[in-house]
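Numbered per the UniProt record's numbering, the sequence shown finishes at 659, counting up by one with no gaps.
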Amino acid sequence: MKGFKWSALLLSLMAIQTALADVRVSNVFGSHMVLQRRKPVPVWGWADPGEKVTVSFNSQTKAIKAGKDGKWTISLDPMEAGGPYQMTVAGKKNSVSFDDVLLGEVWVCSGQSNMEWQLQSAINGKEEVKAANYPNIRHLMVKKAISLTPKDDIEGTWTVCSPQTASVYTAVGYYFARQLQKHLNVPIGLINTTWGGTHSETWTSRDALSQTDEFRTVASKLPASYEEVIQAGKERTRLLMEKQQGGLPTAAEERTWSDPALNTDQWKSMGMPGDWEWGGLPTLDGVVWFRREVVIPDDATLKKMTLRFGSVDDKDSTFVNGQLVGSSKGLLPRAYAIPDGLLKPGRNIIAVRVVDEAGAGGLAGKPEDVKLSGENLDIPLAGQWKYRVATVFPSSFNPGPNTYATQLFNAMLNPLIPYAIEGAIWYQGESNAGRAYQYRKAFPLMIQDWRKRWGSDFPFLFVQLASYNSANGDSKHGSSWAELREAQTLTLQLPNTGMAVTSDIGESKDIHPKNKLDVGNRLAAEAMRVAYAGTARGETALGDASRGPMFGSMRIDGNRAIVTFQNVGTGLMVKDRYGYLKGFEVAGADQKFYYAKADIQGNAVVVHADSVSNPVAVRYGWADDNGDVNLYNKESFPAVPFRTDSWKGITEATKFGDQ
1 MKGFKWSALL
11 LSLMAIQTAL
21 ADVRVSNVFG
31 SHMVLQRRKP
41 VPVWGWADPG
51 EKVTVSFNSQ
61 TKAIKAGKDG
71 KWTISLDPME
81 AGGPYQMTVA
91 GKKNSVSFDD
101 VLLGEVWVCS
111 GQSNMEWQLQ
121 SAINGKEEVK
131 AANYPNIRHL
141 MVKKAISLTP
151 KDDIEGTWTV
161 CSPQTASVYT
171 AVGYYFARQL
181 QKHLNVPIGL
191 INTTWGGTHS
201 ETWTSRDALS
211 QTDEFRTVAS
221 KLPASYEEVI
231 QAGKERTRLL
241 MEKQQGGLPT
251 AAEERTWSDP
261 ALNTDQWKSM
271 GMPGDWEWGG
281 LPTLDGVVWF
291 RREVVIPDDA
301 TLKKMTLRFG
311 SVDDKDSTFV
321 NGQLVGSSKG
331 LLPRAYAIPD
341 GLLKPGRNII
351 AVRVVDEAGA
361 GGLAGKPEDV
371 KLSGENLDIP
381 LAGQWKYRVA
391 TVFPSSFNPG
401 PNTYATQLFN
411 AMLNPLIPYA
421 IEGAIWYQGE
431 SNAGRAYQYR
441 KAFPLMIQDW
451 RKRWGSDFPF
461 LFVQLASYNS
471 ANGDSKHGSS
481 WAELREAQTL
491 TLQLPNTGMA
501 VTSDIGESKD
511 IHPKNKLDVG
521 NRLAAEAMRV
531 AYAGTARGET
541 ALGDASRGPM
551 FGSMRIDGNR
561 AIVTFQNVGT
571 GLMVKDRYGY
581 LKGFEVAGAD
591 QKFYYAKADI
601 QGNAVVVHAD
611 SVSNPVAVRY
621 GWADDNGDVN
631 LYNKESFPAV
641 PFRTDSWKGI
651 TEATKFGDQ
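Have a look at this one:
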């Protein structure tokens, strides 16, 4: 028996040594992949230190010895589009082969949920998926992951575009690839590395952040490990509970929290609706009770009463004067009918038990949606609510992708480098809108960081935020979304960049507009201008007008402001059945903006308002929800929203980590 144990141990050690000795290739490579044409093609992986590795592909055979760390990289010579080919990587003890490999154009697709948005969920998604028979379009889905330190590999698999695979493709990337293939007639590879709701800082490396005054402190505070993060989170939550509320309740105690006679003097207050992670409970997943006292006038008619409070993140059980009136799950509007006789003149108590399983938590509707209403009564309930935490879930201590900067760069971008690419398309910014002014530095920093690491000023194309009523922002109240769009426009100062304007295809009440076709097509038009201009099927395919009119200059003529534009193509036009331009505002020295009348005159727009006799500034599309804008060039590309004034916006002072 003793000899058997030693034999088993020896076999195990041999198996481990053999596994360690096997040549391994980065998971970025695989069967059905697309390699970049006309550029050197790096291929890399791991083997035993000093082991000879040979790569054979398309009549090329190259060899190299693995370094002391076991890492090896071989660069194949540039090749023209074509395929399918086979790639073989061989070492001393094994070989790895990839079949059905094409040469063409490779683009990284990255950002948050609007880039992640799947084809099956876009407009006519089911029909589009059924028709998605494009075997020369290939897609690599990078599995979501976070890391505090740079990783060297990803999880993911290349697939061939077909009705069986395309449903989960990035919709924007799919339409982009389809349009490019139409004009270039070469295979297109998409590397989909996306994560909804993420900040640009988490896609930026620690080195890049540490080299700027704006983010150096953020980089210096990054923890060394997730164990440290979890322990710190537990301790922070324990102290928070003790400080705010004397600890967590027993189950029996919690059952009394719907009682209108409960003494809540020790409960804290928080503004609702809102996300409790910003209201005093950072990173908390769990159960929180909210209570609100409502005083009803003596003469009120208390029949057919309804309690409304928009949506809840994630579940609620709602009580009125101690009686359960409704319970729901998911982000759907709550409208609970109140039984006649339950409400009474004078003091009433509304209690809402909210269960949040991940991410944001709380009453998530708009302030105007939170109210108690009936036949002759309408009582708004937005404002301060008493709250107390009942349960803290273990997930509260697990970091998310935005908990720290650099995490997605480390886990989902760094392992892709130096895979040969033509460029990147990017759709993100919604999560940075609260720090719009800072995005002027954060976004260019990220682009320059990526380019430095790839060693090339590759084309970087991005989508400007679509119209969406984030917070009723406009020129009067300030608009963080307009300022974020401005920061995106300013990023065009970087070389080899392009922007797709989407103000005209957003949805006022949905942060995820379903029209991804026009987004992809507009990005493809910019790709033809930025990446393929002057090629045989580049600039001549779409002409130079691949973008909409952009503010050029302004001069004042009496009570009129005359605004000229760049990128007018074959001329300006208005998309309106009556020919009226919308979205223009004008202000005098008092900085008060008024809706303006605007008319196209040649390549200029003449703007004026009866209330402004001496105009000094013009704005166009300056609002969260700017979907009424309708100035285009005759190539049907929408004008870029702008402001001519330099008055500082409301978000300038907000920095990363301040919230």
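We put the CB at the ideal spot given by N, CA and C, even for glycine.
Item                                                                                                                                                                                    : Value
Can you find at least 3 beta carbon pairs, one from the segment 68 to 83 and one from the segment 39 to 55, that sit closer than 8 Å?                                                   : yes
From Val618, Tyr226, Val106, Ile425, pick the residue whose C-alpha is nearest to that of Ser419; which is it?                                                                          : First, the residue type needs correcting, since residue 419 is Tyr and not Ser in the sequence shown. For Tyr419, the nearest C-alpha among the options comes from Val106.
Around the Cβ of Thr406, are there at least 16 other Cβ atoms within 10 angstroms (buried) or fewer (exposed)?                                                                          : buried
Would DSSP call Gly520 helix, strand or coil?                                                                                                                                           : helix
Quick one: Cα of Leu484 to Cα of Arg440, how far?                                                                                                                                       : 8 Å
With Ala251 and Glu422 assumed to form a contact (beta carbons below 8 Å), what rounded beta-carbon distance in angstroms separates them?                                               : Going by Cβ atoms, the distance from Ala251 to Glu422 rounds to 59 Å, so no, they are not a contact pair.
With distances taken from CA atoms, which of Gln179, Ala561, Phe565, Gly571 is nearest Tyr616?                                                                                          : First, the residue type needs correcting, since residue 616 is Val and not Tyr in the sequence shown. When each option's Cα is compared against that of Val616, the closest is Ala561.
Given a threshold of 16 other Cβ atoms within 10 Å of its Cβ, counted over all protein chains shown, does Asn192 qualify as buried or as exposed?                                       : buried
Please work out which residues of its chain come closer than 8 Å, Cβ to Cβ, to Gly558, disregarding the five sequence neighbours upstream and downstream, and give them in chain order. : none
Could you work out which residue in Gly473, Tyr437, Thr570 is closest to Glu214 when comparing CA atoms only?                                                                           : Tyr437
Go to Lys182, then tell me how far its alpha helix (DSSP H) extends in each direction, as first and last residue.                                                                       : 171 to 184
Only counting the same chain, and skipping five residues up and downstream in sequence, which positions put a Cβ closer than 6 Å to that of Ala639?                                     : Gly548, Pro549, Leu631
Going by C-alpha distance, which of Gly189, Leu377, Val288 is nearest Phe176?                                                                                                           : Gly189
Under 7 Å Cβ to Cβ from Leu262, same chain only, skipping five residues before and after it: list those, please.                                                                        : Thr256
With a CB to CB cut of under 7 Å and the five nearest residues on each side skipped, what residues in its chain are close to Glu652?                                                    : A caution first: Glu652 carries a pLDDT of 37, below 50, which makes its placement in the model too unreliable to give a value.
Helix, strand or coil for Val96 per DSSP?                                                                                                                                               : strand
CA-CA distance, Gly569 and His512?                                                                                                                                                      : 30 Å
Would Ser162 be called buried (16 or more neighbouring beta carbons within 10 Å of its own) or exposed?                                                                                 : exposed
If you compare alpha carbons, which of Pro401, Ala122, Gly571 is closest to Ala604?                                                                                                     : Gly571
Mind checking which residues open and close the alpha helix (DSSP H) that includes Ala466?                                                                                              : It is not in any alpha helix (DSSP H) - Ala466 carries neither H nor E in the DSSP assignment.
Less than 8 Å between the CB atoms is what I'm expecting for His199 and Asn402, so what's the real figure, rounded?                                                                     : 5 Å
Got a sec, what are the start and stop residues for the alpha helix (DSSP H) Leu631 sits in?                                                                                            : Per DSSP, Leu631 belongs to no alpha helix (DSSP H); it is in the beta strand (DSSP E), 631 to 633.
Please list, in chain order, all residues of the same chain as Asn27 whose beta carbon is under 7 Å from its beta carbon, the five residues on each side excluded.                      : Asp153, Ile154, Glu155, Gly156
Tell me the start and end of each unbroken beta strand (DSSP E) in the segment 78 to 123 that is at least 3 residues and wholly inside, in chain order.                                 : 82 to 90, 95 to 111
Quick one: measure Cβ to Cβ for Leu248 and Ala390, integer angstroms, because I've assumed they're closer than 8 Å.                                                                     : 7 Å
For the alpha helix (DSSP H) holding Pro380, just list the boundary residues, first then last.                                                                                          : No alpha helix (DSSP H) contains Pro380, which is instead part of the beta strand (DSSP E) from 378 to 380.
Against chain D, with Cβ distances strictly below 8 Å, would Val294 count as a contact?                                                                                                 : Going by chain labels, chain D is absent from the structure shown, which holds only one protein chain.
Output needed for Thr540: all residues of its chain with C-beta closer than 7 Å, excluding positions within five of it in sequence on either side, in chain order.                      : Bear in mind that a pLDDT of 39 at Thr540, under 50, signals an unreliable position, so the model cannot answer this.
By Cβ distance, which residues of its chain are closer than 6 Å to Asp474, with the 5 residues on each side in sequence left out?                                                       : Ala623
If you follow the beta strand (DSSP E) that Tyr404 is part of, which residue opens it and which one closes it?                                                                          : Where Tyr404 is concerned, there is no enclosing beta strand (DSSP E), given that its DSSP letter is neither H nor E.
Residues in the same chain with beta-carbon distance under 6 Å from Arg236, minus the five sequence neighbours each way, listed in chain order, please.                                 : none
Taking 6 Å as the limit between beta carbons, can you name the residues of its chain near Leu302, skipping five residues before and five after?                                         : Leu343
Should the segment 120 to 138 be regarded as contacting the segment 514 to 527, the criterion being three or more beta carbon pairs within less than 8 Å?                               : yes
Please classify Pro297 as buried or exposed, where buried requires at least 16 neighbouring CB atoms within 10 angstroms.                                                               : exposed
Start and end of the alpha helix (DSSP H) containing Met554?                                                                                                                            : Premise fails: Met554 lies in the beta strand (DSSP E), 550 to 557, not in any alpha helix (DSSP H).
Between Ala34 and Pro187, is the Cβ-Cβ spacing less than 8 Å?                                                                                                                           : The displayed chain sequence assigns Val, not Ala, to residue 34. Yes, the pair counts as a contact, with Cβ atoms nearer than the cut-off.
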